[in-house]
């Protein structure tokens, strides 16, 4: 018997394990279906490029996307300690202040406004450059600026300014809009994952047990209360029950958390019956409200060796490895997407609705074309999709992959804004400042000009930005899965704490917001007073 069982050692799960076990009187068990974060690619920043190809992931795909010509998307979801923070591109962005104010004012989530959540972002953060109203420098999570930027990055900044997009030294500060360097979850040229930041320093705590390679098949509910979890230690192994004295906390991500709840009989009853699961608690919102950022990209051929593409050659790979080991610099120290920005597809939007990521090469991610000569990539993603998808069970077998349906572009507005974002990316790449570096556009290709042609291109080449949220959302209505204090509606002793509880996807990458949810969730679980709302000069509204 343990006090708290946490299911999933992703970003939020690692935070919870750390914070709940700070009190030696609390016993904490953290369960992870994946393995330990031993693989060297995990800790080398540039190893991200290998991760999208399936290392340390579940190997899931979406169902055919009916609004994108039935395209099936490869859908990388982490299966390793640290979760997405162990395999992502290490970009540290929090979203816009308006995102969280909308959670509070429009979704009715008191305590989740921007001034309420900013202290939790700061508590997590150990920023190597900033210590001010918007940043902390005493937390566990290493946050730093890029170590080895290339000259093409500065040219990209000038290109943005030629279009009227200002340079921004801090996307997480007073304003979000502009182009600039991303802050990264790195420390000393190594990835600062939630595992490295939150678990590694405390593994010796006697009241914390971390177990990997353990598949949780269901939450055990007895008399309306979560009593523990059923687990299998290996494929084909015997099932057994682990009991929790106080709470079971599901922290398996926006896909894994609704999947586990539904396997446990918690979810839309009609769907559960249709796949052979006996309903325990009819909760129709489980697995609904899925949101994700869809990514469209421009790939251009460079005029010379201006990116990291040529480091794929054996002798240059060897040199890059030595440079990293001896100097902690060079290509291996790069996340490859260290530069980007936030701007507007919809000129009437109150805050930026497009995010750019400048990729220092071509073919960086799985399924994206690699050029024969050095290339550069500019990704664009529409940040506030109106489309909503679902996560459903394929069968009652926990080993079966879930049915993941982001339902991309079911709302025509998303399609229109995404294509506008792609046009903005093309325009940036054609600016005078980038002319010494960019020879020609290869994808989509200059022959594609109409919205219909760009739609066809997107259906062939678009990819997920790996930002699913919302499938166990907080709220007060009948489709809400958890309350604002993350308690599952209708069952005692059970909470959900991860990206799935977000009612709307933040206008950014989702790793930092998920860590924030873990930090705030820990205080809610422990019954502590929330951190005092942030006080800062100026108006952080955009």
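Residue numbers (the working numbering): 6 to 547. A virtual CB, placed ideally from N, CA and C, is assigned to each residue, including glycine.
Secondary structure at residue i, three-state DSSP: helix, strand or coil?
i, result
"residue 72", "helix"
"residue 506", "helix"
"residue 138", "coil"
"residue 395", "strand"
"residue 468", "strand"
"residue 200", "helix"
"residue 490", "coil"
"residue 129", "helix"
"residue 546", "Low confidence applies to residue 546: its pLDDT is 48, below 50, so where it sits in the model is not reliable, and the reading given next is rough at best. DSSP places residue 546 in coil when its eight states are reduced to three."
"residue 315", "helix"
"residue 12", "strand"
"residue 92", "coil"
"residue 42", "coil"
"residue 20", "helix"
"residue 332", "helix"
"residue 162", "helix"
"residue 400", "coil"
"residue 337", "helix"
"residue 144", "coil"
"residue 354", "coil"
"residue 389", "coil"
"residue 541", "coil"
"residue 172", "strand"
"residue 210", "coil"
"residue 342", "coil"
Since residue i is in the beta strand (DSSP E), which residue starts that stretch and which ends it?
i, result
"residue 250", "244-255"
"residue 276", "Careful: residue 276 lies outside any beta strand (DSSP E), inside the alpha helix (DSSP H) at 274-279."
"residue 360", "359-364"
"residue 307", "299-307"
"residue 186", "183-186"
"residue 409", "408-410"
"residue 439", "From DSSP, residue 439 is part of no beta strand (DSSP E); its letter is neither H nor E."
Considering just the uninterrupted stretch of the alpha helix (DSSP H) at residue i, what are its terminal residues?
i, result
"residue 423", "417-434"
"residue 531", "516-531"
"residue 104", "102-110"
"residue 376", "Element bounds for residue 376: n/a, residue is neither H nor E."
"residue 265", "258-268"
"residue 53", "53-56"
Nearest by alpha-carbon distance to residue i: which of the options is it?
i, options, result
"residue 307", "381, 187, 188", "381"
"residue 91", "81, 440, 100", "81"
"residue 271", "301, 236, 251, 227", "227"
"residue 261", "12, 170, 189", "12"
"residue 34", "394, 234, 339", "234"
"residue 133", "452, 147, 124", "147"
"residue 63", "37, 45, 69", "37"
"residue 388", "409, 427, 375", "427"
"residue 384", "378, 373, 393", "373"
"residue 541", "236, 457, 179", "179"
"residue 242", "219, 264, 259, 252", "219"
"residue 4", "267, 393, 73", "Outside the shown range of the chain (6 to 547) lies residue 4, about which nothing can therefore be said."
Write down the C-beta distance between residue i and residue j rounded to the nearest angstrom, noting that I regard them as a contact closer than 8 Å.
i, j, result
"residue 10", "residue 249", "4 Å"
"residue 135", "residue 99", "13 Å between Cβ atoms; not a contact."
"residue 203", "residue 19", "4 Å"
"residue 347", "residue 364", "Their Cβ separation, rounded to whole angstroms, is 17 Å, which puts residue 347 and residue 364 out of contact at 8 Å."
"residue 322", "residue 16", "In fact, because the Cβ distance is near 30 Å, the residues do not count as touching under 8 Å."
"residue 539", "residue 124", "6 Å"
"residue 57", "residue 371", "4 Å"
"residue 488", "residue 294", "Between residue 294 and residue 488 the Cβ distance is about 15 Å, and since that is not below 8 Å, they are no contact."
Assign residue i to one of two classes, buried (16 or more other C-beta atoms within 10 Å of its C-beta) or exposed (fewer than that).
i, result
"residue 140", "buried"
"residue 512", "buried"
"residue 43", "exposed"
"residue 367", "buried"
"residue 23", "buried"
"residue 330", "exposed"
"residue 6", "exposed"
"residue 429", "buried"
"residue 193", "exposed"
"residue 455", "exposed"
"residue 143", "exposed"
"residue 114", "buried"
"residue 298", "buried"
"residue 452", "exposed"
"residue 457", "exposed"
"residue 40", "exposed"
"residue 459", "buried"
"residue 472", "buried"
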